[in-house]
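*Asks:*
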Amino acid sequence: MDAQKSARLAPRLIVGLALAILLDTVVQVMWKRASSALPAFDKLDAAALERIGGALVHQPIFLLVAVLIAAQMINWLLTLDHADVSFAQPITALSYVSVALVSRLWFGEPITLMRVLGMGIILVGVFLVARSDPNTEPTAPEVAP
Amino acid sequence: MNSIALGLILVVTCSFIEGAAQVSFKLSRVHEDRRLIWTVIGFAAYITEVGLYTLALRQIDVTVAFAMGSLSFVVTAALSALILKERISGVRGIGLLLILCGVALMGGQA
Numbered sequence: 437m438d439a440q441k442s443a444r445l446a447p448r449l450i451v452g453l454a455l456a457i458l459l460d461t462v463v464q465v466m467w468k469r470a471s472s473a474l475p476a477f478d479k480l481d482a483a484a485l486e487r488i489g490g491a492l493v494h495q496p497i498f499l500l501v502a503v504l505i506a507a508q509m510i511n512w513l514l515t516l517d518h519a520d521v522s523f524a525q526p527i528t529a530l531s532y533v534s535v536a537l538v539s540r541l542w543f544g545e546p547i548t549l550m551r552v553l554g555m556g557i558i559l560v561g562v563f564l565v566a567r568s569d570p571n572t573e574p575t576a577p578e579v580a581p
Numbered sequence: 003m004n005s006i007a008l009g010l011i012l013v014v015t016c017s018f019i020e021g022a023a024q025v026s027f028k029l030s031r032v033h034e035d036r037r038l039i040w041t042v043i044g045f046a047a048y049i050t051e052v053g054l055y056t057l058a059l060r061q062i063d064v065t066v067a068f069a070m071g072s073l074s075f076v077v078t079a080a081l082s083a084l085i086l087k088e089r090i091s092g093v094r095g096i097g098l099l100l101i102l103c104g105v106a107l108m109g110g111q112a
């Protein structure tokens, strides 16, 4: 079996990548929701940090965010068993788009032309970085003769 | 200070911390004798980043903050080139430059 080629489109990989984008999106949106409930501040002095710290305790949603981040990391590591980082990472960068869409619906965050342009340029950049040579070895300058 | 500017500073700081964390984790794999200390530094950096990102999200749209997080790829590459002597190829360099442009554009739209 040509495992390398067929593994790229394995159902487990597709599910893993879809779950990665979903978890990315849910984490970011819930995190924003939790942060929005914190007191406003216009400088980060001791008083502001004390107010924010006090408010954090009353936001159990942060615990949910922490659990989701853990789930996200575990899913990512499992997904990387089935694909190279250089293949998987640019795909999950699509969550910039899903976060923007969900945030528009839930928080009314505007999706302006300039924002679309910014995200598009970033996505092309991430794609180019990922498809460039993954390993510039021999690295390890400390073993140079 | 303007609260949006403060949010942008926080997001950019997060990307620098993320880059430092990534390099710390790589150093923990390279230097076996200092594996523990570099791992601890990496995790401490992550925890700090979580706190600062929480503050950043209080100030600016998550649409902007999350996409600007890709700045961490640029910082990681720059630190890797400086500290780990990893080379940045032509295609990767162009990609990193594009990310930088996109991040700047998003920052202006916060």
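Listed in order, the protein sequences are those of chains A and U. The numbering of the first sequence is our numbering, which starts it at 437 and goes up by one. The numbering of the second sequence is our numbering, which starts it at 3 and goes up by one. We treat Cβ as the ideally placed atom computed from N, Cα and C, and that holds for glycine.
(1) Taking contact to mean at least 3 C-beta pairs separated by less than 8 Å, is the stretch 8 to 26 of chain U in contact with the stretch 70 to 79 of chain U?
(2) Please state the DSSP three-state secondary structure of residue 20 of chain U.
(3) Does the beta-carbon of residue 544 of chain A have 16 or more other beta-carbons within 10 angstroms, so that it is buried, or is it exposed?
(4) Report the CB separation of residue 565 of chain A from residue 98 of chain U in whole angstroms; it is logged as a contact under 8 Å.
(5) Which one of U:33, U:58, U:46, U:28 has the shortest CA to CA distance from residue 6 of chain U?
(6) List, in order along the chain, the chain U residues whose C-beta lies closer than 8 Å to that of residue 426 of chain A?
(7) The alpha helix (DSSP H) spanning residue 511 of chain A covers which residue range?
(8) Determine the burial state of residue 615 of chain A: buried for a count of at least 16 other Cβ atoms within 10 Å of its Cβ, exposed for fewer.
(9) Please state the DSSP three-state secondary structure of residue 548 of chain A.
(10) Give the secondary structure of residue 475 of chain A by DSSP, where H, G and I count as helix, E and B as strand, and everything else as coil.
(11) Whose CA, out of U:56, U:95, U:86, lies closest to the CA of residue 469 of chain A?
(12) Starting from residue 467 of chain A, find everything on chain U with Cβ-Cβ shorter than 8 Å and list it in chain order.
(13) Quick one: is residue 45 of chain U buried, meaning 16 or more other Cβ sit within 10 Å of its Cβ, or exposed?
(14) Against chain U, with Cβ distances strictly below 8 Å, would residue 568 of chain A count as a contact?
(15) Report the residue from U:69, U:110, U:10 whose alpha carbon sits nearest the alpha carbon of residue 556 of chain A.
(16) Which residues, in order along the stretch 514 to 533 of chain A, keep a beta-carbon less than 8 Å from a beta-carbon of chain U?
(17) Going by CA-CA distance only, name the one from A:521, A:535, A:562 that's closest to residue 96 of chain U.
(18) According to DSSP, is residue 575 of chain A helix, strand or coil?
(19) Taking all protein chains shown into account, do 16 or more other C-beta atoms lie within 10 angstroms of the C-beta of residue 546 of chain A, making it buried, or fewer, making it exposed?
(20) Ordered along the chain, which non-local residues of its own chain (more than five positions away) have a Cβ less than 8 Å from that of residue 16 of chain U?
(21) Please tell me whether residue 24 of chain U has its Cβ less than 8 Å away from any Cβ of chain A.
*Replies:* Put simply:
(1) yes
(2) Your numbering for residue 20 of chain U matches position 18 in the second sequence. Helix.
(3) Sequence index remark: in the first sequence, residue 544 of chain A carries index 108 (1-based). Result: exposed.
(4) Within the first sequence, residue 565 of chain A is the residue found at index 129, counting from 1. Within the second sequence, residue 98 of chain U is the residue found at index 96, counting from 1. Yes, residue 565 of chain A and residue 98 of chain U are in contact; Cβ-Cβ is about 6 Å, under 8 Å.
(5) Here the question's residue 6 of chain U lines up with position 4 in the second sequence. Selected option, being the one with the closest Cα: U:58.
(6) The structure shown does not extend to residue 426 of chain A, since chain A is modelled only from 437 through 581, so no value can be given for it.
(7) Counted from its first residue, the first sequence places residue 511 of chain A at position 75. Unbroken alpha helix (DSSP H) run through residue 511 of chain A: 497 to 516.
(8) Past the boundaries of the shown model lies residue 615 of chain A; chain A is included only from 437 to 581, so the question cannot be answered.
(9) Taking the first residue of the first sequence as position 1, residue 548 of chain A is located at position 112. Residue state for residue 548 of chain A is assigned as coil, using DSSP reduced to three classes.
(10) In the first sequence, the residue the question calls residue 475 of chain A occupies position 39. In this structure, DSSP gives residue 475 of chain A a state outside helix and strand, which the three-state scheme calls coil.
(11) The sequence position of residue 469 of chain A within the first sequence is 33, counting from 1. Restricting attention to U:56, U:95, U:86, the CA atom closest to the CA of residue 469 of chain A is found in U:56.
(12) Translated into the one-based positions of the first sequence, residue 467 of chain A becomes position 31. Near residue 467 of chain A (Cβ distances below 8 Å), the residues of chain U are 55, 56, 59, 64.
(13) The count along the second sequence starts at 1 and reaches residue 45 of chain U at position 43. By the 10 Å Cβ count, residue 45 of chain U comes out exposed.
(14) Counting from 1 along the first sequence, the entry for residue 568 of chain A is found at position 132. Interface residue, yes.
(15) Your numbering for residue 556 of chain A matches position 120 in the first sequence. That would be U:69, whose Cα lies nearest to the Cα of residue 556 of chain A.
(16) 529, 531, 532
(17) Reading the second sequence from its first residue, position 94 is the one you call residue 96 of chain U. Nearest option by C-alpha distance: A:562.
(18) Along the first sequence, read from residue 1 onward, the residue named residue 575 of chain A stands at position 139. With a pLDDT of only 48 at residue 575 of chain A, under 50, the local geometry of the prediction cannot be trusted, and the value read off the model is given with reservation. Residue 575 of chain A: coil per DSSP, three-state reduction.
(19) Start at 1 with the first residue of the first sequence, and residue 546 of chain A comes out as number 110. Under this definition residue 546 of chain A is an exposed residue.
(20) Reading the second sequence from its first residue, position 14 is the one you call residue 16 of chain U. So the qualifying residues of the chain are 51, 54, 55, 58, 71, 74.
(21) Here residue 24 of chain U is taken as the residue at index 22 of the second sequence, counted from 1. Chain A contact via Cβ: absent.
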